[in-house]
Amino acid sequence: MINVFVIVNYGLVLIYGAALSVSFAGGCTNKKERNTAIAAFLLILVVQTACFYLIGLKTTQKLYPLITHLPLVLVLTKGFKRPLGVALTSVMTAYFCCQLPRWFGTVILFIFESKLAYLAGYSLSLLPFFLLLRRTLASALYQAVTYSKRTQILFGIVPLVYYIFDYATTVYTRVLYEGIRAFSEFLPVVMALFYVVYITVYHKEMQKINRLEQDNLLLTFQSQQTKNEIATLRQTQQQAANYRHDLRHHISLIRSLPEAGQMEKTMEYLAQVQADVERIMPLHICENETANLLFSSFAEKAKQRNIHLAIQAELPQELLIPDTELCTVLSNGLENALHAVDA
170 MINVFVIVNY GLVLIYGAAL SVSFAGGCTN KKERNTAIAA FLLILVVQTA CFYLIGLKTT
230 QKLYPLITHL PLVLVLTKGF KRPLGVALTS VMTAYFCCQL PRWFGTVILF IFESKLAYLA
290 GYSLSLLPFF LLLRRTLASA LYQAVTYSKR TQILFGIVPL VYYIFDYATT VYTRVLYEGI
350 RAFSEFLPVV MALFYVVYIT VYHKEMQKIN RLEQDNLLLT FQSQQTKNEI ATLRQTQQQA
410 ANYRHDLRHH ISLIRSLPEA GQMEKTMEYL AQVQADVERI MPLHICENET ANLLFSSFAE
470 KAKQRNIHLA IQAELPQELL IPDTELCTVL SNGLENALHA VDA
């Protein structure tokens, strides 16, 4: 009777681990992948059941990496087109997570002191743990192992070490249960080392993220400055248009002053009008209006710093990039040129 429950439990654990492996590898994204997963689960289950009856439970346990885990890795790499590192990490992590329902079964065994109660608790806890892990861990783990090679190794090393340790000390040998201190303390040491490495890598990643955030803030600030500068330059252009509209009044006054014999005042007024026009009129260096406005702005800045600025540009009236990007590129280049001369 117990052997029947053991075989049923192994079948349920197979489905639990295989389904978790697929979930950790990004899940099924289409009907073809779902059908592939179901077919693979059934085939592995049939092979595993046949092995139970033909060669026995203990031998089947020792062959588990070949008849279960290796096929799962092949399904994920060939059928789901996942990278080998992602497939291995997903399968190893799923095996690692089998410890959770097994521990629950052990607690039930401690309470009721019954192997049947252990198997029942183990089997009944599989579905709740699967739903919990799929909801909380699957997406986060997939994003982590696909983020970079470094994070893939970081999050895959502990499940891999546990996998090797568990098979070496509980399946192929029984040294874990023989009270050998070096083996019993091996996993805590691995966990401690992983914690140290994780904190180190996490610190470096956070520094990288902080630098990116600072760069993003700087670019946002520069973009806002560029928008403000464009608005100011367009306002200046509007003033120039208004000045052209009022030009007839200036001409009328200039004509009347010589008639009144005020030649000196006429010359002063002409100089003032010319200065006003030069101040508000943008340079016409190329066909692009935005570029001309920027060139005019930096020409004025160069003049204020007593810097000779010669600009030669050939830009069409319409460009494929937005005005803000054009302003950012030109502003950075011209600003750097002025700073270089100042230095």
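Just so we're aligned: the sequence shown equals residues 170 to 512 in the working numbering. Every residue gets a Cβ at the ideal spot worked out from N, C-alpha and C, and that includes glycine.
{"Query": "Whether or not the segment 288–300 and the segment 241–258 are in contact is what I'm after, with contact meaning three or more pairs of Cβ atoms, one per stretch, closer than 8 Å; do they touch?", "Result": "no"}
{"Query": "With a threshold of 16 other CB atoms inside 10 Å of the CB of His238, please say whether the residue is buried or exposed.", "Result": "buried"}
{"Query": "Give a yes or no on whether the C-beta atoms belonging to Asn457 and Gln486 are separated by under 8 Å.", "Result": "yes"}
{"Query": "If you draw a straight line from the C-alpha of Leu185 to the C-alpha of Cys197, how long is it?", "Result": "One detail in the question is off: residue 185 reads as Tyr in this sequence, not Leu. Whole-angstrom Cα-Cα distance: 15 Å."}
{"Query": "Our contact map puts Thr338 next to Leu345 with C-beta atoms below 8 Å; I'd like the distance itself, whole angstroms only.", "Result": "4 Å"}
{"Query": "Do you know offhand how far Val340's Cα is from Phe249's?", "Result": "30 Å"}
{"Query": "Beta-carbon separation of Thr205 and Val244 under 8 Å?", "Result": "yes"}
{"Query": "Can you give me the C-alpha to C-alpha distance between Val358 and Phe298, rounded to a whole angstrom?", "Result": "26 Å"}
{"Query": "Exposed or buried, what is Thr389 when buried is set at 16 or more other beta-carbons lying within 10 Å of its beta-carbon?", "Result": "exposed"}
{"Query": "Ordered along the chain, which non-local residues of its own chain (more than five positions away) have a Cβ less than 7 Å from that of Thr246?", "Result": "Leu253 and Ala256"}
{"Query": "Out of Leu212, Leu302 and Leu484, which one is the CA nearest neighbour of Gln268?", "Result": "Leu302"}
{"Query": "Would you say Phe193 and Leu310 are within 8 Å of each other, going by their C-beta atoms?", "Result": "yes"}
{"Query": "Leaving out five residues on either side along the sequence, give the residues of the same chain with a beta carbon under 7 Å from the beta carbon of Lys231.", "Result": "Val340 and Tyr341"}
{"Query": "Can you tell me whether DSSP reads Thr198 as helix, strand or coil?", "Result": "coil"}
{"Query": "Rounded to a whole number of angstroms, what is the C-alpha to C-alpha distance between Ser308 and Phe281?", "Result": "36 Å"}
{"Query": "Counting C-beta neighbours from all protein chains within 10 Å, is the total for Thr369 16 or more, i.e. buried, or is it exposed?", "Result": "exposed"}
{"Query": "With the cut-off set at 8 Å, would you say Lys470 and Leu495 are in Cβ contact?", "Result": "no"}
{"Query": "Any chance you could list the alpha helix (DSSP H) runs of at least 4 consecutive residues sitting entirely within the segment 309–349, in chain order?", "Result": "318–335"}
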